[in-house]
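Colleague: 236 is the number of the first residue of the sequence shown in the numbering used here; add one for each residue after it.
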Amino acid sequence: MSLTVTQRTGKIWSLYLTSQRLAWSPAQVDLSHDAADWTRIRREHAREDYAGQLHRLVGFFHAGEESVCSHLAPLLVAASRLGLGNDVECFLTAQLYEEAKHFEFFERYAHEVLGEDGFVVDRELLAAPRAVLVDDLGTATARCATETDPAALRLALVEAATHYMGIVEAMLARTGYQGAGDALRTRGWLPGLQEGFRLIRRDEGRHVAFGIQLIRRLLRDDPSLAPAVLATFERHLPNVLATVQAFDVPHPIVEVSSLVGYALDAYQLVLAATRRRSRRSSTRPMRSRESVREQH
Ligand SMILES: [Fe+2]
Ligand SMILES: [Fe+2]
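1) What number of angstroms, rounded off, separates the C-alpha of Leu252 from the C-alpha of Met406?
2) For Leu428 versus Asp269, is the C-beta distance shorter than 8 Å?
3) Tell me, to the nearest whole angstrom, how far the beta carbon of Trp248 is from that of Asp322; I am working on the premise that it is less than 8 Å.
4) So what's Val484 in DSSP terms, helix, strand or just coil?
5) Are Ser237 and Glu333 closer than 8 Å when you measure CB to CB?
6) Within a Cβ cutoff of 7 Å, which residues of the same chain sit near Leu319, ignoring the five residues on either side of it in sequence?
7) With distances taken from each beta carbon to the nearest heavy atom of ligand 2, which residues come in below 7 Å, in chain order?
8) Around the Cβ of Arg256, are there at least 16 other Cβ atoms within 10 angstroms (buried) or fewer (exposed)?
9) Measuring only the C-alpha atoms, how far is Ala262 from Ser315?
10) With a 10 Å radius around its C-beta and 16 neighbouring C-beta atoms as the bar for buried, classify His531 as buried or exposed.
11) Is it right to say Arg278 is buried, meaning 16 or more other beta carbons lie within 10 angstroms of its own, or is it exposed?
12) In whole angstroms, what is the alpha-carbon distance linking Val479 and Ala380?
13) Near Leu372, which residues of its chain fall below 7 Å by C-beta distance, leaving aside the five closest residues on each side in sequence?
14) DSSP three-state label for Val491, please.
15) Quick check on Ser237: does DSSP put it in helix, strand or coil?
16) If you scan the region 325-397 from start to end, which runs of the alpha helix (DSSP H) of 4 or more residues do you find wholly inside it?
17) In whole angstroms, what is the alpha-carbon distance linking Val443 and Trp273?
18) For Glu283, which of helix, strand or coil comes out of DSSP?
19) Please go through the same chain and pick out, in chain order, the residues whose beta-carbon is closer than 6 Å to the beta-carbon of Phe354, but skip the five residues on each side of it.
20) Apply the 10 Å Cβ neighbour rule to Gly401 and answer buried if 16 or more other Cβ atoms are within range, or exposed otherwise.
21) Using only the heavy atoms of ligand 1, determine whether one of them is closer than 7 Å to the beta carbon of Ile435.
22) Compute the Euclidean distance between the alpha carbons of Leu454 and Arg510, then round it to the nearest angstrom.
23) Counting along the chain, where does the alpha helix (DSSP H) carrying Ala308 start and finish?
24) Can you give me the C-alpha to C-alpha distance between Glu532 and Leu266, rounded to a whole angstrom?
25) To the nearest angstrom, report how far apart Glu339 and Thr421 are at their CA atoms.
26) Counting along the chain, where does the alpha helix (DSSP H) carrying Glu430 start and finish?
27) Does ligand 1 have a heavy atom nearer than 7 Å to the CB of Glu300?
28) Indicate whether Gly431 and Ser493 have their beta-carbon atoms separated by less than 8 Å.
29) Measure the alpha-carbon distance for Val475 versus Leu360 and round it to whole angstroms.
30) Is there a Cβ from chain B that is less than 8 Å from the Cβ of His268?
31) In angstroms with no decimal places, state the Cα-to-Cα distance between Arg275 and Glu300.
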C-alpha cells in the first residue's frame, strides 16, 4: 500500500524526512575534553557535589534511553496491525534507529568518559523514575503487541503513545536535556555531553511532535478515546514529579523549580494539542474501524 496524497503532504511524513536530513552519529561527537573536565569538576566542586549530580543525570538518561529503545517496537506493530498508514510506520522505524543511537551515546559516555559500564550508571535510577521510565512504560507498550480486539488495541496505542511521547519524552527527556544542557552551557563544562544533549533533544522534539500527530489521528478516528490521554497523564504525574525531585539537593546544578516548570509546560502543551484536534475533528464522520491486520 503506497502513501496517500494526504499522508505524503502531511506532518508525519515531513517529520520522517527531517529525521533523515538531521541524522547524526554518536561516534562523531567529540568527547576528548570531557574526562579531564569531570576530574576538575569533582575536585573543584566537591562541596556542591556537582559531579555526583551529573553522574545521576547520565544514569537516568542511560537507563531511560535503553528503556525507550526496548519498548518502541510494539507501537510500530500496533500501527501496522491497525493500518494507520505508511507515514506512521516509516516515522516509527526512523525513531527506533534514533533511540538506539541515543542509547549508544550514553553507553559510549559511560565507557570513555566515566570509565564505567552502563550497569554502574543505571544504579542511579531510583524507584519513581524506574517505574515511569521503565516498568510502567514496558507494561503500556506490551499491550500494543498483545491486544487482539481492534478497539482495545486503539486504546492501548493511545495510552502507550501518551506515556511514551507525552510523559517520557516530552515531560522527562526534553525537560532533563534542556535543564542539564543549559546548566553545562552556562558553565562551559563537558562540551561532549553538551553536544550529545543538544542532538538528542532535537530528536526528542521531533518524536514528541510525531506523538501528538499520532494521538490526533487516533482521536480523529475515535473521539471516545480522548479521556484516556488525560487519565494516562494523571496516573503517572506523581512519579514524574518524584523523578524531578531527585535533583532537589542543597546545591542543585539545575534549579528544580525550573525543571518542574519545563515538565508542566510540556504536559499542558501536549494535552492542549491533542484536545484541540479532538474537538475540531469530533464533528467529522468517523472512519470505519479497520480490522486488525495479521502480522507476517
Ligand atoms: Fe531518545
Ligand atoms: Fe525519543
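We put the CB at the ideal spot given by N, CA and C, even for glycine.
Modeller: So, from the data block:
1) By 1-based counting over the sequence shown, the position of residue 252 is 17. By 1-based counting over the sequence shown, the position of residue 406 is 171. Each residue's Cα considered, the two are about 25 Å apart.
2) As a position in the sequence shown, residue 428 is number 193, starting the count at 1. As a position in the sequence shown, residue 269 is number 34, starting the count at 1. Yes, Cβ-Cβ distance for Leu428 and Asp269 is below 8 Å.
3) Start at 1 with the first residue of the sequence shown, and residue 248 comes out as number 13. Start at 1 with the first residue of the sequence shown, and residue 322 comes out as number 87. Between Asp322 and Trp248 the Cβ distance is about 4 Å, and since that is below 8 Å, they are a contact.
4) Locating residue 484 in the sequence shown gives position 249, where the first residue counts as 1. Per DSSP, reduced to three states, the secondary structure at Val484 is coil, with no helix or strand assignment.
5) Taking the first residue of the sequence shown as 1, we reach residue 237 at position 2. Taking the first residue of the sequence shown as 1, we reach residue 333 at position 98. With contacts defined by Cβ atoms closer than 8 Å, Ser237 and Glu333 do not form a contacting pair.
6) Numbered from its first residue, the sequence shown carries residue 319 at position 84. These residues qualify, in order along the chain: Arg452.
7) Contact residues of ligand 2 (beta-carbon closer than 7 Å to any heavy atom; chain order) are Val303, Gln330, Glu333, Glu334, His337, Glu404, Ala408, Asp438, Glu439, His442.
8) As a first step, residue 256 must be located in the sequence shown, where it is residue number 21. By the beta-carbon neighbour count (other beta carbons within 10 angstroms, threshold 16), Arg256 is exposed.
9) On the sequence shown, residue 262 is found 27 positions in, with the first residue counted as 1. On the sequence shown, residue 315 is found 80 positions in, with the first residue counted as 1. C-alpha separation (whole angstroms): 32 Å.
10) Here the question's residue 531 lines up with position 296 in the sequence shown. Caution is warranted here: a pLDDT of 27 is assigned to His531, below 50, making its placement in the model unreliable, and no coordinate value can be reported.
11) If you number the sequence shown from 1, residue 278 lands on position 43. So Arg278 counts as exposed.
12) For the purposes of this step, residue 479 is taken as residue 244 along the sequence shown, with counting starting at 1. For the purposes of this step, residue 380 is taken as residue 145 along the sequence shown, with counting starting at 1. Their Cα atoms are separated by approximately 30 Å.
13) Within the sequence shown, residue 372 is the residue found at index 137, counting from 1. Excluding five sequence positions before and after Leu372, the CB atoms of its chain that fall closer than 7 Å to its own CB belong to Ser302, His306, His398, Tyr399, Val403, given in chain order.
14) As a position in the sequence shown, residue 491 is number 256, starting the count at 1. Three-state result, Val491: helix.
15) Here residue 237 refers to the residue found at position 2 of the sequence shown. Taken through DSSP and simplified to helix, strand or coil, Ser237 comes out as coil.
16) The qualifying runs are 353-357, 362-365, 371-381, 385-396.
17) The residue labelled residue 443 in the question sits at position 208 within the sequence shown. The residue labelled residue 273 in the question sits at position 38 within the sequence shown. Annotation: Val443 to Trp273 spans about 31 Å, alpha carbon to alpha carbon.
18) As a position in the sequence shown, residue 283 is number 48, starting the count at 1. Of the three classes helix, strand and coil, the one that applies to Glu283 here is coil, per DSSP.
19) In the sequence shown, the residue the question calls residue 354 occupies position 119. So the list is empty, once near-sequence residues are dropped.
20) In the sequence shown, counting from the first residue as 1, residue 401 sits at position 166. Per the 10 Å Cβ criterion, buried.
21) Translated into positions along the sequence shown, residue 435 becomes position 200. At least one heavy atom of ligand 1 is nearer than 7 Å to the Cβ of Ile435, so yes.
22) On the sequence shown, residue 454 is found 219 positions in, with the first residue counted as 1. On the sequence shown, residue 510 is found 275 positions in, with the first residue counted as 1. It is roughly 9 Å from the alpha-carbon of Leu454 to the alpha-carbon of Arg510.
23) Within the sequence shown, the letter at position 73 stands for residue 308. Looking at the DSSP string, the run of the alpha helix (DSSP H) that includes Ala308 is 308-317.
24) The structure shown does not extend to residue 532, since the chain spans only 236 to 531, so no value can be given for it.
25) For this step, residue 339 is matched to residue 104 along the sequence shown. For this step, residue 421 is matched to residue 186 along the sequence shown. Separation of Glu339 and Thr421 (C-alpha to C-alpha, rounded to the nearest whole angstrom) is 26 Å.
26) Position 195 of the sequence shown holds residue 430. Looking at the DSSP string, the run of the alpha helix (DSSP H) that includes Glu430 is 426-456.
27) Along the sequence shown, read from residue 1 onward, the residue named residue 300 stands at position 65. Taking 7 Å as the cut-off, the C-beta of Glu300 counts as close to a heavy atom of ligand 1.
28) Within the sequence shown, numbered from 1, the residue matching residue 431 stands at position 196. Within the sequence shown, numbered from 1, the residue matching residue 493 stands at position 258. The beta carbons of Gly431 and Ser493 sit no closer together than 8 Å.
29) The residue given as residue 475 occupies position 240 in the sequence shown. The residue given as residue 360 occupies position 125 in the sequence shown. So the alpha carbons of these two residues sit roughly 13 Å apart.
30) Looking for chain B here will not work: only one protein chain is present.
31) As a working note, residue 275 is residue 40 in the sequence shown. As a working note, residue 300 is residue 65 in the sequence shown. Going by C-alpha positions, Arg275 is about 27 Å away from Glu300.
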